[in-house]
Amino acid sequence: MTDRASGRTFEDLVEEGASVPTEGWDFSWFEGRASEARPSWGYATAVAVRLGAAEAVLDIQTGGGEVLDFALAQAPRRPGLAVATEGWPPNVAKATAVLRPRGVAVVASPEDASLPFADGAFDLVVSRHPVEARWQEIARVLADGGVYFAQHVGPGSVRELVEYFLGPQPDERRDARHPDRERRAAEAAGLEIVDLRAERLRIEFYDIAAVVHFLRKVIWMVPGFTVDAYLPRLRALHERIAAEGPFVAHSTRHLFHARKGTGARSGQV
6 MTDRASGRTF EDLVEEGASV PTEGWDFSWF EGRASEARPS WGYATAVAVR
56 LGAAEAVLDI QTGGGEVLDF ALAQAPRRPG LAVATEGWPP NVAKATAVLR
106 PRGVAVVASP EDASLPFADG AFDLVVSRHP VEARWQEIAR VLADGGVYFA
156 QHVGPGSVRE LVEYFLGPQP DERRDARHPD RERRAAEAAG LEIVDLRAER
206 LRIEFYDIAA VVHFLRKVIW MVPGFTVDAY LPRLRALHER IAAEGPFVAH
256 STRHLFHARK GTGARSGQV
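Structure representation (structure tokens):
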């Protein structure tokens with residue numbers, strides 16, 4: 006079946022979605038193929054403001070470094086020390102190329118490993134969409150009065166797409182990233198929650214190429230996803246999009262602003 010909007014066949018679209026590189030967190034390829042509403046708080050711009058008041062900054066799970074690069078470009082001043090971690094080798098290489106010109110050291114560190122830094126090394130720790138927030142480690146590397154400022158993926162994000170391929174998911178998976186759970190874990194690690202906001206945002210997939218690329222890029226949505234393994238479901242979804250229009254799902258995001266200790270030092274944000 007041919008997609009009426011583009012005139013391209015299912016096979017052409019799947020081949021394209023399967024061939025696009027997945028390194029980094031640059032989603033510009035999706036322009037015209039998918040859309041996602043953005044949280045009202047403007048995470049990258051908010052990070053830029055906080056960078057201007059920080060002396061030592063750590064970006065956890067930086068991906069390809071794109072978000073930190075944008076924030077540093079917008080910051081009123083650069084911190085004296087800026088470090089980023091990343092666990093996936095292709096992203097380590099990309100982030101190094103992107104961030105080295107800005108004086109940022111990129112450290113290869115697995116997502117489930119302890120952070121390779123001394124206690125109290127940073128007055129600002131940031132992260133956009135960490136796979137898991139390791140609260141004890143975050144609290145450990147923060148200086149007294151230091152700030153953790155991050156945007157997390159919330160519970161049941163893109164649930165409609167996940168359940169299209171995997172079927173109904175158990176409540177424990179849907180709620181694994183619930184902000185109330187994360188709040189409790191952060192507080193147990195000794196962090197004070199200054200602000201916590203959550204939003205549910207509309208996503209539209211306009212063709213099957215976008216679906217394939219998304220599932221290859223965000224690998225934890227449908228673990229073990231391959232085109233061959235899900236070819237019948239992909240074909241059925243392609244036909245549905247061609248007949249009915251975009252496939253609609255919803256992302257969930259929450260913003261964490263937490264502080265270690267009771268009151269920030271001079272210059273903290």
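Each residue of the sequence shown is one higher than the one before, starting from 6 at the first, in the working numbering. We treat Cβ as the ideally placed atom computed from N, Cα and C, and that holds for glycine.
Residue(s) in a DSSP beta bridge with residue i
| i | result |
| --- | --- |
| A215 | Paired residue(s): none; A215 is not in a bridge. |
| R258 | V158, E204 |
| V25 | Answer is none; V25 lacks a bridge partner. |
| F122 | Note: F122 sits in no beta bridge, so no partner. |
| L86 | A61 |
| K265 | L196 |
| Y153 | V130, A263 |
| E41 | I208 |
| E91 | A113 |
| L147 | F127 |
Collapsed DSSP secondary structure at residue i in the structure displayed
| i | result |
| --- | --- |
| Y169 | helix |
| A100 | helix |
| G272 | No answer about G272 holds up, because its pLDDT of 36 lies below 50 and its placement is not dependable. |
| S33 | helix |
| I65 | coil |
| T231 | coil |
| V112 | strand |
| E137 | coil |
| A181 | coil |
| V253 | strand |
| A51 | helix |
Nearest residue (CA-CA) to residue i, options the options
| i | options | result |
| --- | --- | --- |
| Y235 | I198, G172, G195, S256 | G172 |
| A123 | L147, W46, A113, A49 | L147 |
| I208 | L166, G195, L239 | L166 |
| N96 | P106, V88, E71 | E71 |
| P44 | G266, K265, L260 | L260 |
| L206 | D149, H255, A78, V109 | H255 |
| W30 | P160, T67, D212, R202 | T67 |
| A181 | A102, D128, E36, M226 | M226 |
| A98 | R189, P106, G108, A113 | A113 |
| R82 | P237, E142, A53 | A53 |
| V130 | Y153, G108, E142, V109 | Y153 |
Straight-line gap, residue i to residue j (C-alpha atoms, nearest Å)
| i | j | result |
| --- | --- | --- |
| R27 | E16 | Inspection of the sequence shows that residue 27 is occupied by Thr rather than by Arg. Roughly 20 Å separates the two Cα atoms. |
| A59 | P84 | 5 Å |
| S271 | A80 | With a pLDDT of only 32 at S271, under the threshold of 50, the placement of this residue in the model should not be trusted; the figure read from the coordinates follows. Cα-Cα distance, rounded: 18 Å. |
| H243 | D200 | 41 Å |
| G268 | F252 | Its pLDDT being 45, under 50, G268 is placed unreliably in this model, and the value from its coordinates should be taken loosely. For G268 and F252, the distance between alpha carbons rounds to 46 Å. |
| F230 | R240 | 15 Å |
| A263 | A193 | 12 Å |
| A61 | V136 | 23 Å |
| R13 | S40 | 20 Å |
| V217 | G159 | 22 Å |
| G47 | D117 | 28 Å |
| P237 | P106 | 46 Å |
| A23 | D149 | 46 Å |
Cβ-Cβ separation, residue j to residue i (assumed contact under 8 Å), whole Å
| i | j | result |
| --- | --- | --- |
| L104 | L73 | 6 Å |
| E187 | A138 | 6 Å |
| H134 | Q156 | 6 Å |
| A49 | A76 | 5 Å |
| D128 | G151 | 5 Å |
| W140 | L196 | 7 Å |
| A191 | T257 | About 18 Å separates the two Cβ atoms, so there is no contact after all. |
| V111 | A100 | 5 Å |
CB contact below 8 Å: residue i versus chain B
| i | result |
| --- | --- |
| H183 | No chain B is present in this structure, which holds just one protein chain. |
Residue i Cβ short of 7 Å to the ligand COA heavy atom set
| i | result |
| --- | --- |
| S45 | Among the components modelled here there is no ligand, and therefore nothing to report on the ligand COA. |
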